[in-house]
Each structure stands twice: as C-alpha cells, then as structure tokens.
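The structure appears below as structure tokens.
Structure representation (structure tokens):
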C-alpha cells in the first residue's frame, strides 16, 4: 500500500491486533519478550528456534510413545498372569489348594481291603481324576493309602473307618463308566466279596479340602 | 511491509509456542505414564521373582524336575523258568501291573521322595494299568524287566520292602515260581522329570 491513509489504517489495525495478541498471550500466561516490539530479525530467529525445538520435542514425544506401547504390550503383566496360572494348576495337582469341581463320590462298605482301595484310586486316576480324597483326607503323590502290618488303612496319619467315601474330581460320566463297566473293578470286587455295598454317584460340584501336611525333600535334590 | 511482517511473525510465534506448550504437556503426561508402568513392572518383577521361585518349588513337588539322591532299586521280572507246566496258571510266572503298583505304593509308604518305573516318573495323576498283557504307566508301554527306582532313605525303604507283612503276592511268586524280585540299595540315583501332561479340566481353585 502506498497511500498514507491506507498505511495509517493498517498501522491502527496492527496496533489493535497487537493489543489483542498481547491480551491473549497474557491469558495464556505466556511469558516472553514482547513480540511486537521485537525486530523482524529477532522474530525470525525466534521462529527458527521454535521450529527446531518443536521438531526435537516431537521426536522425544514419538520415542516416549514407542516406550509406552512397549510397556502396554506389558510383557511383565502378561508373564505374571501366565506364571500364576501355571502355579495354580500345579498347586491343584500337588493337593496344596482347596479345589472344587464335578466328579464322583464312591461309598464302599464291607470286607474290603487296603489293596482294593489302592486299586480303586488307580482306576479313578486312569479315568482322569484330578483331585482325590478318602474320608475327607486329600491324597497327594506322597500321601498314599497306606496299610499297617495288620492291614489297617492309614491315610495322612489317620485311620479312616468304614464306610469309605472316595471323592474324585473329573468328568462324572467318564469316572462312573470306568468304575461300573462290565468286568471292571467294582464288578470284580462285588464278585470277590460277600456283603459288599458300593455306590457310585455323579456330582455336579464337590469341594475337596487342601492337604494339611508338609512336603519336604531330604534325600532328593534337583539336578542342575 | 513492516506491519504485516510483525503480524504474521507474531502469529507464527504464537502458533509455534502453543504447539510447544502442547508438546511439553504431552511429554509430561507420557513420562508420568511411563513412571507408572515402571513402578508396576518393578512391583511385578518382585512378584515375578517370588512366583518363579514358588513355581520351582511346586514343580519339584509335582515331579517336574529331574532329581538325584540315594535310595533303592527294585527289579521285577517274569520267571526265568523255561518250561512252564501246561496245566499251570501261567499268570503266577509273570509280573502283573498290580505287582508294580504294590511296590510303588509301598515305596511311598516308606517315605520315598521320588519314584520312577523304567524311567517313567510317577506323578500324582499316574496310573499303572494294563492293556491286554502290556503294562502301561503314564500311558507309556513298559516291558520287563521292570526297574523301580526310588530316592529316599535306603534303610527305611529296604526295611519295608523286606517286611513279610507286605508284598506277599510278589514274594510268594518269587519263592514258588521263579519270578524275580531284587532289592538293591543305591548310593546315587538319577530320576528324569515327568514329561507328560497334566490335564486339569474340571478342578478349580477354591470353593
């Protein structure tokens, strides 16, 4: 613009704009040199510096974004979850936690011996039993159905009395079939013993208690 | 034109400084987020260490680790008698799966800490059974001679194995029909880890 009035008008507009800018800057609580009074050269220098600095900030932000997404993959958290799951499964197998689930309840009364109960336990395991109790005592790998020299049954240091109640968690139908099939164990026991009373009942849900003893290793050590 | 340069310069700077502020705020937030994740991971790492250690202990109890130690080795084999009388019950000349079960059970009773039969590690879900005339353990075929190795106190183990109140059937077959039953104390046994599966599909934690 060449005319004086146009220049004057522009100056006034600039001045007003400047005031507005300053006001805006002040509400944004930005400190800094008054821009409008800075020379063009200073402004250019500032712009150039800001552009460069913002580019660096953007790089930093992208690097942080990458780190964040790595953490979000959360190998720590996922690994923890997987480990806990495996730990719980092995605790169930070891008999060291209370468990619940479907299965069968076998009640036996009559002149049955310890070896027969051991055979029954073996049969139930073969049919996929995941947890077992005898008269409320949780069986573990180490706490087997033992016998005194006189043939009295001992389980976990206790002497269960008849009727013997065996609980096995697993698929009820599979467990029942394994025991009750023709020529199976129950059939054999009923044939061999007079006055044997056996019942096998499928259960939707049973709760088996934890093994209350301790499992310790004195002779066995892991091979490194 | 000085006026216009001032204006666009100032606006540009304003825009860039707004952008700068936003970038700084984002960076600040992300760093706080990372700190949070790092704190969680540190806590998790501690827990990871504890849980890993506990898992190793539980695996040891479950038979999932190879182990060594003193103990006994029980050898069971069919009778070596060549000519079995035709009218005889040939079963008494053989080792049956229940003989193996009885020895294994007895060894647990004696306080054994790990047992393997022909290198099949016995675990909580193991069943020893027969399919036809083939003996199976952990769903794996076993053939005679059967070597039952058990880590424990060799004296306690041998005592209970030789106690006449136990293993009457096996001892009778050994005495009368030549079935082989040997017990040896061992200074060092090495038992492999259980290599099968643990299908837990119905049992759940707690009530």
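Chains as they are written, first to last, in the numbering used here: chain U, 1 to 224; chain V, 225 to 431. Cβ atoms here follow ideal geometry from the backbone N, Cα and C, with glycine treated the same way.
{"Item": "Sorted by chain position, which residues of the same chain lie with C-beta nearer than 7 Å to residue 151 of chain U's C-beta, five sequence neighbours on each side aside?", "Value": "113 and 114"}
{"Item": "Establish whether the CB of residue 135 of chain U and some CB of chain V are separated by less than 8 Å.", "Value": "no"}
{"Item": "In terms of residue numbering, what span does the beta strand (DSSP E) encompassing residue 159 of chain U cover?", "Value": "Segment: none, residue 159 of chain U is in no beta strand (DSSP E) and carries neither H nor E."}
{"Item": "Would residue 130 of chain U and residue 424 of chain V qualify as a contact pair, given that the criterion is a beta-carbon distance under 8 Å?", "Value": "yes"}
{"Item": "Using a Cβ-Cβ cut-off of less than 8 Å, give me the residues of the region 80-104 of chain U that come near chain V, in sequence order.", "Value": "80, 83, 84, 86, 87, 88, 89, 90, 91, 92, 93, 94, 95, 96, 97, 98, 99, 100, 101, 102 and 103"}
{"Item": "Let me know the beta strand (DSSP E) ranges lying completely inside the region 336-386 of chain V, each 3 residues or longer, listed in chain order.", "Value": "338-341, 352-355, 358-361, 364-366 and 370-375"}
{"Item": "Strictly below 8 Å CB to CB, what residues from chain U border residue 423 of chain V?", "Value": "128 and 130"}
{"Item": "Verify the CB distance criterion: does residue 177 of chain U have a CB-CB separation below 8 Å to chain V?", "Value": "no"}
{"Item": "Closer than 7 Å by C-beta to residue 384 of chain V: which residues in its own chain qualify, once you throw out the five before and the five after it? Chain order, please.", "Value": "330, 333, 334 and 390"}
{"Item": "For a contact meaning CB atoms closer than 7 Å, what does residue 215 of chain U contact in chain V?", "Value": "285"}
{"Item": "By how many angstroms is the C-alpha of residue 19 of chain U removed from the C-alpha of residue 44 of chain U?", "Value": "21 Å"}
{"Item": "Should residue 27 of chain U be labelled buried (16 or more other beta-carbon atoms within 10 Å of its own) or exposed?", "Value": "With a pLDDT of only 49 at residue 27 of chain U, under the threshold of 50, the placement of this residue in the model should not be trusted; the figure read from the coordinates follows. With fewer than 16 Cβ atoms within 10 Å of its Cβ, residue 27 of chain U is classed as exposed."}
{"Item": "From V:373, V:315 and V:307, pick the residue whose C-alpha is nearest to that of residue 327 of chain V; which is it?", "Value": "V:373"}
{"Item": "Please classify residue 118 of chain U as buried or exposed, where buried requires at least 16 neighbouring CB atoms within 10 angstroms.", "Value": "buried"}
{"Item": "Identify which residue in V:345, V:347 and V:366 has its Cα closest to the Cα of residue 354 of chain V.", "Value": "V:366"}
{"Item": "Could you tell me the alpha carbon to alpha carbon distance between residue 441 of chain V and residue 255 of chain V, rounded to whole angstroms?", "Value": "Any answer about residue 441 of chain V is impossible in this case: the structure gives chain V only from 225 up to 431."}
{"Item": "Mind the definition here: the region 282-296 of chain V touches the region 392-402 of chain V only if three or more C-beta pairs lie below 8 Å; say whether that holds.", "Value": "no"}
{"Item": "Could you tell me the boundaries of the alpha helix (DSSP H) in which residue 178 of chain U lies?", "Value": "172-180"}
{"Item": "Under a three-way DSSP split, which group does residue 306 of chain V fall into?", "Value": "coil"}
{"Item": "Which word fits residue 341 of chain V, buried or exposed, when buried means at least 16 other C-beta atoms lie within 10 angstroms of its C-beta?", "Value": "buried"}
{"Item": "Give me the residue from V:259, V:395 and V:302 with the minimum Cα distance to residue 358 of chain V.", "Value": "V:302"}
{"Item": "Put residue 48 of chain U into one of helix, strand or coil per three-state DSSP.", "Value": "helix"}
{"Item": "Looking at residue 138 of chain U: is its Cβ nearer than 8 Å to the Cβ of residue 209 of chain U?", "Value": "yes"}
{"Item": "Verify whether the separation of the beta carbon atoms of residue 98 of chain U and residue 430 of chain V is less than 8 Å.", "Value": "yes"}
{"Item": "Can you give me the C-alpha to C-alpha distance between residue 370 of chain V and residue 300 of chain V, rounded to a whole angstrom?", "Value": "5 Å"}
{"Item": "With DSSP as the reference, label residue 94 of chain U as helix, strand or coil.", "Value": "helix"}
{"Item": "List, in order along the chain, the chain V residues whose C-beta lies closer than 7 Å to that of residue 204 of chain U?", "Value": "Near residue 204 of chain U there are no residues of chain V at all, since even the closest Cβ is about 11 Å away, more than 7 Å."}
{"Item": "On the criterion of 16 or more Cβ atoms from any shown chain inside 10 Å, does residue 153 of chain U qualify as buried, or is it exposed?", "Value": "buried"}
{"Item": "Per DSSP, what kind of secondary structure is residue 53 of chain U in: helix, strand or coil?", "Value": "helix"}
{"Item": "For residue 190 of chain U, name the three-state secondary structure that DSSP assigns.", "Value": "helix"}
{"Item": "Which bits of chain U does residue 361 of chain V rub up against, with CB to CB less than 8 Å?", "Value": "None at all; the shortest Cβ gap to chain U is about 10 Å."}
{"Item": "Is the CB of residue 395 of chain V under 8 Å away from at least one CB in chain U?", "Value": "no"}
{"Item": "Within the 8 Å Cβ cut-off, does residue 30 of chain U reach chain V?", "Value": "Note on residue 30 of chain U: pLDDT 49, under 50, position unreliable in the model; no value is reported."}
{"Item": "In the structure shown, what three-state DSSP assignment does residue 389 of chain V receive?", "Value": "coil"}
{"Item": "Taking the straight line between their C-alpha atoms, what separation do you get for residue 285 of chain V and residue 54 of chain U?", "Value": "59 Å"}
{"Item": "Does the beta carbon of residue 64 of chain U sit closer than 8 Å to a beta carbon anywhere in chain V?", "Value": "yes"}
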